[in-house]
Amino acid sequence: MSTKLSDLAEKLGITLKELREKLVEFGSGVSPKARVIDDDIAEIVIDELKKNNDVAECEKDVKVPVEDISPENEDLLEVNKAPRDVAELYDEIIAEEREREIVKSQRKKMAGKDTSKKSWSDKPAQPIVAKDFVEISDFITVKEFAEKTGIKIAKIIGELMKNGIRANINQEIDFETAQIIADDSGVKLKRIRTAASAEELMAGNISNLLKEDDASVLKTRPPVVCVMGHVDHGKTKLLDAIRSTDVVAGESGGITQHIGAYQVVKKGKLITFLDTPGHEAFTAMRARGAKVTDIAVLVVAADEGVKPQTIEAINHAKEAGVPIIVAMNKMDKPNVNPDRVKGELAEHGLQPEDWGGDTVIVPVSALAKQGIDELLDMVLLTADILDLKANYDREAVGTVVEAHLDHSLGPVATVLVNTGTLRLMDNVVVGNAHGRIKLMRDYNGKPIRLANPSTPVRIAGLSSTPVSGDILQVVKDEKMAKQKAEEIGMITKKLDEEKGSAIGQIISRIKSDKILKIVLKADTKGSLEAIKQSLAKIKNDDVAIKIIHSGVGTITESDITMASASKGIVIGFHAGYDSPYVEKTAEREGVEVRKYTIIYNLLEEVTKLLSGLLDPEIVEIIIGRAEVKMIFLTKKKEMVIGCRVTSGKLENKAKLRVIRGVTKEDTDNIVGMGTLESLRKVDEVVREIGAGNECGIKFVGDIALEAGDILEAFKQEKKIRTV
Numbered sequence: 152m153s154t155k156l157s158d159l160a161e162k163l164g165i166t167l168k169e170l171r172e173k174l175v176e177f178g179s180g181v182s183p184k185a186r187v188i189d190d191d192i193a194e195i196v197i198d199e200l201k202k203n204n205d206v207a208e209c210e211k212d213v214k215v216p217v218e219d220i221s222p223e224n225e226d227l228l229e230v231n232k233a234p235r236d237v238a239e240l241y242d243e244i245i246a247e248e249r250e251r252e253i254v255k256s257q258r259k260k261m262a263g264k265d266t267s268k269k270s271w272s273d274k275p276a277q278p279i280v281a282k283d284f285v286e287i288s289d290f291i292t293v294k295e296f297a298e299k300t301g302i303k304i305a306k307i308i309g310e311l312m313k314n315g316i317r318a319n320i321n322q323e324i325d326f327e328t329a330q331i332i333a334d335d336s337g338v339k340l341k342r343i344r345t346a347a348s349a350e351e352l353m354a355g356n357i358s359n360l361l362k363e364d365d366a367s368v369l370k371t372r373p374p375v376v377c378v379m380g381h382v383d384h385g386k387t388k389l390l391d392a393i394r395s396t397d398v399v400a401g402e403s404g405g406i407t408q409h410i411g412a413y414q415v416v417k418k419g420k421l422i423t424f425l426d427t428p429g430h431e432a433f434t435a436m437r438a439r440g441a442k443v444t445d446i447a448v449l450v451v452a453a454d455e456g457v458k459p460q461t462i463e464a465i466n467h468a469k470e471a472g473v474p475i476i477v478a479m480n481k482m483d484k485p486n487v488n489p490d491r492v493k494g495e496l497a498e499h500g501l502q503p504e505d506w507g508g509d510t511v512i513v514p515v516s517a518l519a520k521q522g523i524d525e526l527l528d529m530v531l532l533t534a535d536i537l538d539l540k541a542n543y544d545r546e547a548v549g550t551v552v553e554a555h556l557d558h559s560l561g562p563v564a565t566v567l568v569n570t571g572t573l574r575l576m577d578n579v580v581v582g583n584a585h586g587r588i589k590l591m592r593d594y595n596g597k598p599i600r601l602a603n604p605s606t607p608v609r610i611a612g613l614s615s616t617p618v619s620g621d622i623l624q625v626v627k628d629e630k631m632a633k634q635k636a637e638e639i640g641m642i643t644k645k646l647d648e649e650k651g652s653a654i655g656q657i658i659s660r661i662k663s664d665k666i667l668k669i670v671l672k673a674d675t676k677g678s679l680e681a682i683k684q685s686l687a688k689i690k691n692d693d694v695a696i697k698i699i700h701s702g703v704g705t706i707t708e709s710d711i712t713m714a715s716a717s718k719g720i721v722i723g724f725h726a727g728y729d730s731p732y733v734e735k736t737a738e739r740e741g742v743e744v745r746k747y748t749i750i751y752n753l754l755e756e757v758t759k760l761l762s763g764l765l766d767p768e769i770v771e772i773i774i775g776r777a778e779v780k781m782i783f784l785t786k787k788k789e790m791v792i793g794c795r796v797t798s799g800k801l802e803n804k805a806k807l808r809v810i811r812g813v814t815k816e817d818t819d820n821i822v823g824m825g826t827l828e829s830l831r832k833v834d835e836v837v838r839e840i841g842a843g844n845e846c847g848i849k850f851v852g853d854i855a856l857e858a859g860d861i862l863e864a865f866k867q868e869k870k871i872r873t874v
C-alpha cells in the first residue's frame, strides 16, 4: 500500500515542505518531487519523528486511501499483497534513481555528451575482483561497497536503517560498519590502509604503521637480533659460527666493513641477525625513530671484560628498550675469570641470573663453536616471552638497514620487512627515494619474489640511494610513490635549514617528554662523578634529567649519534672533540654540544635548560568589578547592558565572572562566565573605564544577565617558572 505525502503531512500535523525535509534528513532516498511513498517508509518516518519528539501523537499504522493514482502506479494498489520488506522498498528507490539517470543521460546526449556508461543496472552489483576477500579502505560509499561486494544496495541501506543509521547511496560508512554487513552476507573484507603521510615516513615513526586493529590477523614472526659489543670482542666471529660461513677472511683487518643481515634456523624456527659495525647503524636507525631490533646480543670477551664500547652498547640497548642477552665470548682461552666479568656487568645494571638478577649470560666460544646452541635457545625463549607477531596479509612496511650505489644495479638497499609481505614489482617510497622493486634477493643472494615479516632482503629499482633508518612503505601506484618521495624531500630540506637554531630545536623536540637527556663526557673520573652527583640534586616534579651515557675522554662520533637518537644534548667538561669530523657530525645531526671548564657554569646552564621545559604558570589578576543596572538588548549568547564600575576598572576584551548574591558559606555565588566584547562611555568607544563611571558593554556568554548582577573582570597572565 502507498500513502500520499500530503495526507501523511496532515496526519502528522506538519506542512508538506517540512515532511519532505524530514525525508531528506532521514536519508530515505525518496524523490524530492514524489507525491506518494510506500507505507513502510511512512512507518519509518513516524517512528523516527516519535524518537525525536517532533510529533506529539502519531498513529503507528498509517494507512490512507490513495485516489487519483496514475495508471503506471496501479501496481502499488495490490490490496492482498503482503507488506514489502526494506529490500523491496529500496529496489523501488534504486529504480527511481535509475530513471533519473536515464533522463540525465538523454539530456546530455542531446548536448553531445554520452554518459550511458554511468547508468544504473537492475542487476545486483558484482564484486570487481573475484578473490577470497574484498579489499576496501577505512571509509567507502554505500554504492562503492555494493559494487565491490555484490551485496544489493537495498539490503545495505536496509541493514543500516535497522541499526539506526540513515544512509543514502552516496553516504560513506566506516570499515567496522561495512564489516558487520559483510559478515551477515558471508563476504570477507580486508582493510586497505591509508598510506602514511610524508611527515610520518620522514619521522621514521613506524608505530602507527605497524598498528593492527584485529588481533586475529596476527601471526608469529621471527625475532630480529642485533649483535653489539666492543671492537675485536668477536662479534663477527660469533655470527660466523652461528651461520657456519666465513666472512671474516675477506674483511680488512678483521673488522666488519659492511652491514649484513642474515637468517638461521633453530628447531624449525627462523632467527634474523643484524651484523652492525659496532653500533653506529643501530643508533642511526633509532635516531630516525625506527626500532628494528627485538633482542640485543651483547658480546663481551671473557679475558677483557667490560670496555668503553661495551658500556655504550648497554646504554644504547637500554635507551631503545631492547632486552639484552650477554654472550661471554672467548671462554676457550686460559685464565679467564667469568665472575669478574659478571661483576663488571652488574655495575652497569646487568645483574646475572645466577646472582639473582634477570640478565641471561651464556658462555660461548665463537672460535671453537661452543655454546652456540645454548645462545640460540635463549634467543628463542626470549622471543617466546616477547610474543612477537605481525600481519602477513597487508601492504609491507620495512626499514632500511644499509644502502649503497651499485655500478650495475644502481641504488641498492638492504631492507628489513617489519610487517606485511613485500613483493617483486611493488611500488614503494623509501625516504625521498621511490621506485618499483625490479630485483629482490635474500641474504644468500638468491632471487626471491616475496619477503615476509622479519625477513632481510636487498632490493633494486629505486630512484636514488636511501639512508639507514629510512622507512619503506608499499603504495598503490608509481604516481603516489613519487609524490610522497618529493614531499619527504621538501621536509628534509626544511629540517636542514632549521638545524641552525640548536637549543630552540632541542627544547621543542624534548618538551613533550619533559626529560632532558644528556651524554656527559669529562677529562677525569673524579670530575665525572662530581658532575653526576651535582646534576642529581637538580630536581623538579615536572621535569627531570636523565644521563643516558657518561664517560671519560673526548667527545666522539658515537656520543653525537647517541644524543641524536635520544633527542638529547652532549655536555663536555674539559673535553673537546675527538676530531674535526665529530664537530661536523654534530652540526649535520643538529645536536647541541656544550663545553665547560667550570662546574658552576655547567650546572647553571643545565638549570636554565630544565626551566625552559617547564610550562608557564597561569596567574589570574582581578582588575575590577561592575554592577549591572539595566538590560538594553538580548540576543542568543549576547547582551547589551548598562552598568556602573564599583571598583578597579573594566578593560575591553576582559574575561568576566558573573556573581549573583552569595552562597551559604558567605562566598560569591558565581553563576556563569563571559567576555567583555566592547566597551562604551556614552557614545564613545573606549579601551577601559575606571571606578565610579557608568558605561555600556556588550556581554558574550552562556548566561542571561539580570539587573543587580556583579561582573568581576579579570585577565590571565603567564608567569615563567624556574627549577
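Quick note on the working numbering: the sequence shown kicks off at 152 and runs consecutively. Note that CB positions come from ideal geometry on N, CA and C, so glycine has one too.
Helix, strand or coil at residue i according to DSSP, with G and I counted as helix
{"i": "residue 395", "result": "coil"}
{"i": "residue 732", "result": "helix"}
{"i": "residue 322", "result": "coil"}
{"i": "residue 227", "result": "Residue confidence is low: residue 227 scores 40 on pLDDT, short of 50, so the model does not pin down where it sits. No coordinate-derived value is stated."}
{"i": "residue 386", "result": "helix"}
{"i": "residue 598", "result": "strand"}
{"i": "residue 316", "result": "coil"}
{"i": "residue 785", "result": "strand"}
{"i": "residue 690", "result": "coil"}
{"i": "residue 339", "result": "coil"}
{"i": "residue 636", "result": "helix"}
{"i": "residue 829", "result": "strand"}
Exposed unless 16 or more other CB atoms sit within 10 angstroms - verdict on residue i
{"i": "residue 445", "result": "buried"}
{"i": "residue 478", "result": "buried"}
{"i": "residue 721", "result": "buried"}
{"i": "residue 731", "result": "exposed"}
{"i": "residue 239", "result": "For residue 239, the predicted model reports a pLDDT of 48, less than 50, meaning its position is unreliable; a value from the coordinates is still stated below. Exposed, since its Cβ has fewer than 16 Cβ neighbours within 10 Å."}
{"i": "residue 284", "result": "exposed"}
{"i": "residue 838", "result": "exposed"}
{"i": "residue 781", "result": "exposed"}
{"i": "residue 578", "result": "buried"}
{"i": "residue 739", "result": "exposed"}
{"i": "residue 784", "result": "exposed"}
{"i": "residue 576", "result": "exposed"}
{"i": "residue 797", "result": "exposed"}
Boundaries (first-last residue) of the beta strand (DSSP E) holding residue i
{"i": "residue 157", "result": "Where residue 157 is concerned, there is no enclosing beta strand (DSSP E), although the alpha helix (DSSP H) it sits in stretches over 156-163."}
{"i": "residue 848", "result": "845-852"}
{"i": "residue 607", "result": "607-613"}
{"i": "residue 296", "result": "Note, residue 296: premise wrong, no beta strand (DSSP E); alpha helix (DSSP H) at 293-300."}
{"i": "residue 798", "result": "789-802"}
{"i": "residue 189", "result": "187-189"}
{"i": "residue 701", "result": "695-703"}
{"i": "residue 841", "result": "839-841"}
{"i": "residue 376", "result": "375-380"}
Cβ-heavy atom distance, residue i to the ligand MG, below 8 Å
{"i": "residue 493", "result": "The model depicted lacks the ligand MG and carries no ligand whatsoever."}
Where the alpha helix (DSSP H) containing residue i begins and where it ends
{"i": "residue 678", "result": "676-687"}
{"i": "residue 311", "result": "304-313"}
{"i": "residue 818", "result": "Element bounds for residue 818: n/a, residue is neither H nor E."}
{"i": "residue 464", "result": "459-471"}
{"i": "residue 716", "result": "708-717"}
Taking contact to mean at least 3 C-beta pairs separated by less than 8 Å, is the region 533-553 in contact with the region 620-637? With the cut-off at 8 Å, the region 533-553 and the region 620-637 touch.
Evaluate the contact criterion for the region 578-586 versus the region 500-513: three or more CB pairs, one atom per stretch, below 8 Å. Touching, no, given that fewer than three Cβ pairs across the two stretches are closer than 8 Å.
Could you tell me which whole beta strand (DSSP E) segments of length 3 or greater appear in the region 536-588? Runs of the beta strand (DSSP E) lying entirely within the region 536-588 and spanning at least 3 residues, in chain order: 540-542, 548-557, 561-570 and 578-581.
In chain order, which beta strand (DSSP E) runs of at least 3 residues are fully inside the region 474-539? Qualifying beta strand (DSSP E) stretches, in chain order: 475-480 and 511-514.
Could you tell me whether the region 451-463 touches the region 490-500, using the rule of 3 or more Cβ pairs below 8 Å? Yes: the two stretches touch, three or more of their Cβ pairs being nearer than 8 Å.
The region 758-766 touching the region 822-835, judged by at least three CB pairs closer than 8 Å: Touching, no.
Below 8 Å, can you find three or more Cβ-Cβ pairs linking the region 462-474 to the region 517-526? No, they do not touch.
Are at least three pairs of beta-carbons, each pair with one atom in the region 678-689 and one in the region 630-645, less than 8 Å apart? Contact between the region 678-689 and the region 630-645 is absent: fewer than 3 CB-CB pairs across the two stretches fall below 8 Å.
Which full runs of the beta strand (DSSP E) of 3+ residues lie inside the region 726-773, going along the chain? If one requires a minimum length of 3 residues, the beta strand (DSSP E) runs lying completely within the region 726-773 are 744-747, in chain order.
Please determine if the region 799-812 and the region 733-753 are in contact, where contact requires at least 3 C-beta pairs separated by less than 8 Å. In this structure the region 799-812 does not touch the region 733-753; the number of beta carbon pairs closer than 8 Å is below three.
Could you say if the region 550-563 and the region 456-466 meet the contact criterion of at least three C-beta pairs nearer than 8 Å? No contact exists between the region 550-563 and the region 456-466.
Segment contact, 8 Å Cβ cut-off, at least three pairs: the region 560-577 with the region 378-389: Inter-segment contact for the region 560-577 and the region 378-389 is absent: fewer than three beta-carbon pairs are separated by less than 8 Å.
Can you find at least 3 beta carbon pairs, one from the region 522-533 and one from the region 596-606, that sit closer than 8 Å? Here the region 522-533 makes no contact with the region 596-606; the two share fewer than three CB pairs at distances below 8 Å.
Do the region 664-677 and the region 696-712 make contact, defined as three or more Cβ pairs closer than 8 Å? The region 664-677 is in contact with the region 696-712.
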